[in-house]
Structure formats: C-alpha cells, structure tokens
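Q:
Residue numbers (the working numbering): 729 to 902.
1) Thinking just about the alpha-carbon of each residue, which of 846, 823, 780, 800 is nearest to the one in residue 862?
2) Taking the alpha-carbon of residue 867 as reference, which of 820, 891, 846, 757 has the nearest alpha-carbon?
3) Taking just the CA atoms, how far does residue 855 sit from residue 795?
4) Less than 7 Å between the beta carbons of residue 826 and residue 842, yes or no?
5) Does any CB atom of chain D fall closer than 7 Å to the CB of residue 857?
6) Quick one: using the 10 Å Cβ neighbour count with 16 as the cut-off for buried, is residue 858 buried or exposed?
7) Quick one: residues in its chain with C-beta nearer than 7 Å to the C-beta of residue 773, no 5 flanking neighbours on either side, listed in chain order?
8) Assign residue 835 to buried or exposed, taking buried as 16 or more other Cβ atoms, counted over all protein chains shown, within 10 Å of its Cβ.
9) Could you tell me the alpha carbon to alpha carbon distance between residue 884 and residue 897, rounded to whole angstroms?
10) Take residue 757 as the anchor and find which of 775, 770, 783 has the nearest alpha-carbon.
11) Please name the residue in 838, 820, 837, 882 whose C-alpha comes closest to that of residue 849.
12) Along the chain, where does the alpha helix (DSSP H) containing residue 761 start, and where does it finish?
13) Just to confirm, does residue 787 get its C-beta within under 6 Å of one of the non-hydrogen atoms of the ligand FMN?
14) Who pairs with residue 842 in a beta bridge, going by DSSP?
15) For residue 778, count neighbouring C-beta atoms within 10 Å of its own C-beta (all shown protein chains included) and say buried if the count is 16 or more, exposed if not.
16) Residue 838 and residue 791 look like a contact to me (Cβ under 8 Å); what is the Cβ gap, rounded to whole Å?
17) Taking the straight line between their C-alpha atoms, what separation do you get for residue 886 and residue 851?
18) Taking just the CA atoms, how far does residue 759 sit from residue 823?
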C-alpha cells in the first residue's frame with residue numbers, strides 16, 4: 729500500500745514498518761506526538777520519528793496524565809513493595825511513558841525532547857501544539873473503533889477537528 733501526503737511517499741510493508749522517501753517538498757520543523765507507553769501508542773511514536781528523520785524536524789514526545797487523588801497515591805505506595813514504592817506518584821507513569829517513547833525514537837536515530845503534562849489529553853495536546861508551534865501532531869487511532877469513533881470524545885477525533893496544524897492519525901494494532 730502506498731500513500732502520498734505532505735511531500736512524502738510512505739510504503740507499508742507487512743512488518744508494519746514505514747519507509748519514507750523525501751522528495752524535497754516537506755516542510756515540517758517540529759513534530760508533536762503523544763504516548764501513554766503502550767505498544768500501540770509507541771507505534772505512533774515510531775511513525776512520528778520516521779517523519780522527523782525524513783524532514784529533519786525536531787521531535788517532541790509528550791504524555792498527558794489526569795491528576796490522581798494524593799490519598800489514592802499514598803494508598804498505592806503503602807501496598808507496593810518497597811523497591812517500587814518510590815516510583816508511585818502522580819506523574820511517574822507518564823514519565824515512564826515518554827522515556828519509552830524516547831527509546832523508540834533513539835532506535836530510529838532520532839533525538840527527542842519530552843513533556844509531561846497534567847490535564848485532559850486532547851485539550852492538553854492541542855494547547856502544547858500551539859505553545860510549541862508544532863506543524864504536525866501524530867496520534868494513534870486507538871479509541872476510534874466501533875461506535876465510539878462517531879463520538880466527539882475520542883482524543884484523535886478531537887485533535888483532528890481542532891488542531892492548529894497538520895495531523896497524522898496512525899492506524900495502530902493492539
């Protein structure tokens with residue numbers, strides 16, 4: 729399968745890898761991608777890194793988390809083994825998610841900057857895209873399957889309708 733978008737020809741292989749061929753027409757300078765650290769979201773990071781590498785763009789990997797009640801965090805810490813208790817905190821899973829994203833980008837030869845933000849995922853990604861002056865947002869399609877794809881509540885759907893820049897929605901598989 730081949731697709732042409734934004735001056736790049738992408739060829740999908742059965743391994744689900746994407747090879748980008750630059751034809752000189754791409755103008756992305758800063759790419760923002762979100763991850764929760766899951767394999768499908770890391771596939772989105774892989775695509776974002778491929779586009780960043782092909783265009784020489786800066787890659788920003790972010791994770792947005794919803795605040796957790798401090799009492800709940802303390803309860804988790806009390807029940808966790810001591811060697812893991814230090815990891816539990818309001819932002820620690822998000823920090824781990826962006827670090828997994830950075831590792832994926834590095835495997836592809838791309839350096840990335842990270843951001844961990846608190847809030848509603850779609851709203852926060854849109855806000856950061858404006859603050860960062862991103863010209864491409866890359867997100868996975870997770871949450872856009874079945875009847876839920878018609879609801880405006882899915883993160884990729886909201887981003888695609890309100891983004892201040894181009895959006896690439898990557899088909900990810902669980």
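No residue lacks a Cβ here, since even glycine has one placed at the ideal position from N, Cα and C.
A: Taking the structure as given:
1) As a working note, residue 862 is residue 134 in the chain shown. Ranking 846, 823, 780, 800 by Cα distance to residue 862 puts 780 first.
2) The residue you call residue 867 lines up with position 139 of the chain shown. Looking at the Cα atoms, 891 is the closest of the given residues.
3) As a first step, residue 795 is located in the chain shown; it is residue number 67 there, counting from the start. As a first step, residue 855 is located in the chain shown; it is residue number 127 there, counting from the start. Approximately 17 Å between the Cα atoms of the pair.
4) Residue numbering aside, residue 826 sits at position 98 when the chain shown is read from its first letter. Residue numbering aside, residue 842 sits at position 114 when the chain shown is read from its first letter. Yes. Within cutoff.
5) Note that chain D does not occur in the displayed structure, where there is just one protein chain.
6) Locating residue 858 in the chain shown gives position 130, where the first residue counts as 1. The residue in question, residue 858, is exposed, as its Cβ has fewer than 16 Cβ neighbours within 10 Å.
7) Position 45 of the chain shown, counted from the start, is the residue given in the question as residue 773. Once the five neighbours on either side are set aside, the close Cβ partners of residue 773 are 761, 763, 789, 829, 832, 833.
8) Taking the chain shown and counting its residues from 1, one reaches residue 835 at position 107. Residue 835 comes out exposed.
9) Mapped onto the chain shown, residue 884 falls at position 156. Mapped onto the chain shown, residue 897 falls at position 169. So the two alpha carbons sit approximately 7 Å from each other.
10) As a working mapping, residue 757 is identified with position 29 in the chain shown. Of 775, 770, 783, the residue nearest in Cα terms is 783.
11) On the chain shown, residue 849 is found 121 positions in, with the first residue counted as 1. Of 838, 820, 837, 882, the residue nearest in Cα terms is 882.
12) Numbered from its first residue, the chain shown carries residue 761 at position 33. Per DSSP, residue 761 belongs to no alpha helix (DSSP H); it is in the beta strand (DSSP E), 758–762.
13) The ligand content of the structure shown is nil, which means the ligand FMN is not present either.
14) If you number the chain shown from 1, residue 842 lands on position 114. Answer is 789.
15) What you label residue 778 is simply residue 50 of the chain shown in a count that begins at 1. By the neighbour-count rule (16 or more Cβ atoms within 10 Å), residue 778 is buried.
16) Along the chain shown, read from residue 1 onward, the residue named residue 838 stands at position 110. Along the chain shown, read from residue 1 onward, the residue named residue 791 stands at position 63. Between residue 838 and residue 791 the beta-carbon gap is near 17 Å, outside 8 Å, which marks them as no contact.
17) Within the chain shown, the letter at position 158 stands for residue 886. Within the chain shown, the letter at position 123 stands for residue 851. When rounded, the distance between both Cα atoms is 8 Å.
18) Taking the first residue of the chain shown as position 1, residue 823 is located at position 95. Taking the first residue of the chain shown as position 1, residue 759 is located at position 31. The straight-line gap from Cα to Cα measures roughly 19 Å.
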